Amino acid sequence: MQDILEQLEARRAAARLGGGERRIAAQHAKGKLTARERLEVLLDEGSFEEFDTYVVHRATDFGMAAEKVPGDGVVTGWGTINGRQTYVFAQDFTVLGGSLSETHAEKICKIMDMAVRNGAPVIGLNDSGGARIQEGVASLAGYAEVFRRNVEASGVVPQLSVVMGPCAGGAVYSPAMTDFIFMVRDSSYMFVTGPDVVKTVTNEVVTAETLGGAATHTRVSGVADAAFENDVEALEETRRLFDFLPLSNREPPPVRPFFDDPDRVEMRLDTLVPASPTQPYDMRELVLAVADEADFFEIGEAFARNIVTGLIRIEGRTVGVVANQPLVLAGCLDIDAARKAARFVRFCDAFAVPILTLVDVPGFLPGTAQEHGGVIKHGAKLLFAYAQASVPMVTLITRKAYGGAYDVMASKHIGADVNYAWPTAEIAVMGAKGAAEILYRSELGDPKKIAARTAEYEQRFANPFVAAERGFVDEVIMPHSSRRRIARAFAALRGKRAERPWRKHDTMPL
Ligand code: HXC
1 MQDILEQLEA RRAAARLGGG ERRIAAQHAK GKLTARERLE VLLDEGSFEE
51 FDTYVVHRAT DFGMAAEKVP GDGVVTGWGT INGRQTYVFA QDFTVLGGSL
101 SETHAEKICK IMDMAVRNGA PVIGLNDSGG ARIQEGVASL AGYAEVFRRN
151 VEASGVVPQL SVVMGPCAGG AVYSPAMTDF IFMVRDSSYM FVTGPDVVKT
201 VTNEVVTAET LGGAATHTRV SGVADAAFEN DVEALEETRR LFDFLPLSNR
251 EPPPVRPFFD DPDRVEMRLD TLVPASPTQP YDMRELVLAV ADEADFFEIG
301 EAFARNIVTG LIRIEGRTVG VVANQPLVLA GCLDIDAARK AARFVRFCDA
351 FAVPILTLVD VPGFLPGTAQ EHGGVIKHGA KLLFAYAQAS VPMVTLITRK
401 AYGGAYDVMA SKHIGADVNY AWPTAEIAVM GAKGAAEILY RSELGDPKKI
451 AARTAEYEQR FANPFVAAER GFVDEVIMPH SSRRRIARAF AALRGKRAER
501 PWRKHDTMPL
């Protein structure tokens with residue numbers, strides 16, 4: 001018996017070594033942790049239960065019969081994060097570059113199936129050279145099996161991807177179909193075709209970093225939701241995000257103990273909106289003032305900065321925040337902002353996370369770049385997402401809510417439950433000057449007359465009361481009591497149930 005136990009221990013030790021000491025050292029030399037080290041940071045100490053440690057590939061071509069490493073380049077199983085269950089896979093770059101073989105894919109599929117059945121999230125740590133070249137179509141089939149499961153799990157369990165190394169070719173499409181993507185600066189890359197192929201096909205010379213590094217994907221493409229300095233920071237922030245999320249769509253988001261008075265009054269909010277309507281202010285200050293302990297997990301911070309999205313807690317319960325940001329493009333909606341917010345709203349709605357919308361929006365960004373880029377279709381995504389959402393929704397207009405953007409930003413008419421406005425709110429079809437110039441075009445030559453018309457329009461519409469008179473705004477509230485009013489509104493909406501007629505699925509403007 002002792003012999004048998006020792007043999008098992010020896011097998012385990014061999015599996016833990018992955019691709020061997022030399023390749024582990026190479027991984028460390030790049031500032032990267034190994035797959036198992038990453039799981040140690042991600043999961044609670046001692047909580048990891050590994051599956052399929054001894055799985056090996058079945059390939060024989062290209063001398064592969066002699067290249068069998070237990071685990072086949074991916075470590076899979078489940079563990080806990082602050083006591084809550086999650087399924088995980090971590091690709092092991094030390095084994096054939098973490099490349100995905102048929103069996104490697106089977107291991108990932110197994111834990112994805114278990115996650116959906118048992119109602120717990122999937123966290124994937126990606127570090128892979130893509131399809132295992134020696135296996136050809138068997139490996140492509142493996143990817144497709146993973147893709148299909150990503151789609152089946154979407155909206156059933158949260159799926160988080162942390163890209164911690166190369167992620168090339170079709171391999172990027174598995175992370176792309178998950179809910180959140182994090183990257184590590186200077187060591188992770190995502191592209192459909194790498195720099196060499198780009199050069200061959202288009203003659204364009206570009207570095208991997210510029211083509212698909214963390215800065216590119218968090219700022220330019222919006223593919224990734226956040227970038228972090230190193231593996232440890234990325235994994236710790238993944239734990240932080242996980243704490244906000246429900247385990248599945250069958251369970252409500254977690255309720256945490258809270259020590260921040262929901263009735264907390266914030267006098268500084270009374271002066272947050274500047275006297276001049278053209279002067280910007282930081283909407284994040286309002287987000288932090290409303291949140292429990294000013295704890296805000298921002299999603300997509302560096303992309304489409306004219307809209308702020310992220311998660312906070314109010315009375316210990318997770319709330320998704322969507323907020324126009326007057327500091328950037330005056331808070332206008334544009335293609336990127338609409339895409340970013342629409343995706344976030346749909347995530348919240350799928351996982352029963354109530355939505356708080358903070359509005360200061362002068363409208364959609366005008367111009368050929370926007371129109372030719374399809375702002376109509378992209379803007380409609382946000383409208384569609386809000387109108388479809390059935391989670392509790394509270395909206396607060398701080399200043400401008402102009403035109404179509406008023407409708408889109410969780411107005412009463414498209415389904416928000418409680419709509420508040422500060423006394424500084426201006427709800428109108430457009431800004432007063434623009435309105436006067438259109439309505440009184442014949443007086444354009446006379447600046448005095450136009451100024452008088454502008455003042456008249458302002459007087460009539462630059463306030464929340466026209467909307468409040470019709471019940472489009474439920475109440476005009478004091479800025480300093482925003483946290484209390486919002487907390488009470490969400491508390492009143494906890495029993496909300498919305499029935500929708502049956503349909504296979506909608507045909508949203510993708
Ligand atoms: C098999 C691979 C591999 C792969 C890397 N390796 N990629 N083995 N299949 N796809 C092996 C290498 O042979 C090497 O083995 C080890 O992993 C480490 O690779 P290096 O090249 O030494 O590392 P590095 O210099 O860091 O470069 C990493 C890399 C590069 C950028 C990922 O290896 C690379 O370009 N690989 C090929 C990427 C690729 O084109 N993949 C196919 C994409 S198409 P040893 O034994 O020396 O340690 C695709 C289709 C998916 O993925 C379709 C889904 C629909």
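Everything in the sequence shown is counted per full-length UniProt numbering, starting at 1 for the first residue and increasing by one.
Glycine included, every Cβ here is placed at the ideal spot set by N, Cα and C.
Since the model is a prediction, treat every value here as computed from it, not as a measurement.
- Distance from Phe296 to Gly310 at the Cβ level is roughly 6 Å; contact confirmed, criterion being Cβ atoms closer than 8 Å.
- If you look at Tyr189, you'll find it in the beta strand (DSSP E) that goes 189 to 191.
- Of all alpha-carbon atoms in Ala275, Leu329, Arg22, Gly18, the one lying nearest the alpha-carbon of Arg36 is that of Gly18.
- Set against 6 Å, the gap from the CB of Gly169 to the closest heavy atom of ligand 1 is smaller.
- Cβ neighbours of Arg219 within its own chain (closer than 7 Å, five residues either side excluded): Ala302, Phe303.
- The criterion of a C-beta distance shorter than 7 Å is not satisfied by Ala224 and Met177.
- Counting only runs of 4+ residues, the alpha helix (DSSP H) found wholly inside the stretch 164 to 205 occupies 173 to 176, 195 to 202, in chain order.
- In the displayed model, Asn150 falls within a helix according to three-state DSSP.
- Burial check for Gly77: the Cβ neighbour count within 10 Å reaches 16 or more, so the residue is buried.
- Set against 6 Å, the gap from the CB of Arg22 to the closest heavy atom of ligand 1 is not smaller.
- Secondary structure at Phe384: helix, using DSSP grouped into helix, strand and coil.
- With fewer than three CB-CB distances shorter than 8 Å, the stretch 334 to 354 does not count as touching the stretch 263 to 281.
- A direct Cα-Cα distance of roughly 52 Å separates Thr202 from Arg256.
- Inclusion of Pro166 in the 6 Å shell around ligand 1 follows from its C-beta lying nearer than that to a non-hydrogen atom of the ligand.
- The DSSP-derived three-state label of Val55 is coil.
- Here the C-alpha atom of Tyr87 lies approximately 35 Å from the C-alpha atom of Asn306.
- Each of Ala452, Glu475, Ile108, Asn230 was checked against the Cα of Gly31, and the nearest Cα belongs to Asn230.
- Within the chosen limit of 6 Å, ligand 1 reaches the beta carbon of Ile133 through at least one heavy atom.
- If the five residues before and after Thr357 are omitted, its C-beta is found closer than 6 Å to the C-beta atoms of Val322, Thr395, Met409, Ala410, all from its own chain and listed in chain order.
- Within the same chain, and ignoring the five residues on either side of Val476 in sequence, the residues whose Cβ sits closer than 8 Å to its Cβ are Tyr420, Ala421, Trp422, Pro423, Ala425, Pro464, Phe465, Ala468.
- Beta-carbon to beta-carbon, Thr398 and Val287 are separated by about 11 Å, too far to satisfy the 8 Å threshold.
- Looking at the DSSP output, Ala227 sits in a beta bridge with Met183.
- In this structure, Phe472 sits away from Pro392, with a CB-CB distance that is not shorter than 7 Å.
- In the DSSP secondary-structure assignment, Thr357 is bridged to Val322, Thr395.
- Closest option to Val353, judged by alpha-carbon separation, among Leu245, Phe384, Pro262, Ser128: Leu245.
- Gln7: member of the alpha helix (DSSP H) spanning 2 to 16, first to last residue.
- Remark: fewer than three beta-carbon pairs, one from each stretch, lie closer than 8 Å, so the stretch 2 to 9 and the stretch 57 to 67 are not flagged as touching.
- Per DSSP, the unbroken alpha helix (DSSP H) holding Ala468 starts and ends at 465 to 469.
- For Phe461, the enclosing alpha helix (DSSP H) begins and ends at 447 to 461.
- For Phe347, the uninterrupted alpha helix (DSSP H) run begins and ends at 335 to 350, by DSSP.
- DSSP places Ile477 outside both helix and strand once states are collapsed to three, so it counts as coil.
- In the structure shown, Phe296 falls within a coil segment according to DSSP collapsed to helix, strand and coil.
- Close CB contacts of Gln388 within its chain, under the 6 Å cut and outside five residues either way in sequence, are absent.
- In the DSSP assignment, Phe62 is bridged to no other residue.
- In this structure, Tyr457 lies near Ala436, with their beta-carbon atoms less than 7 Å apart.
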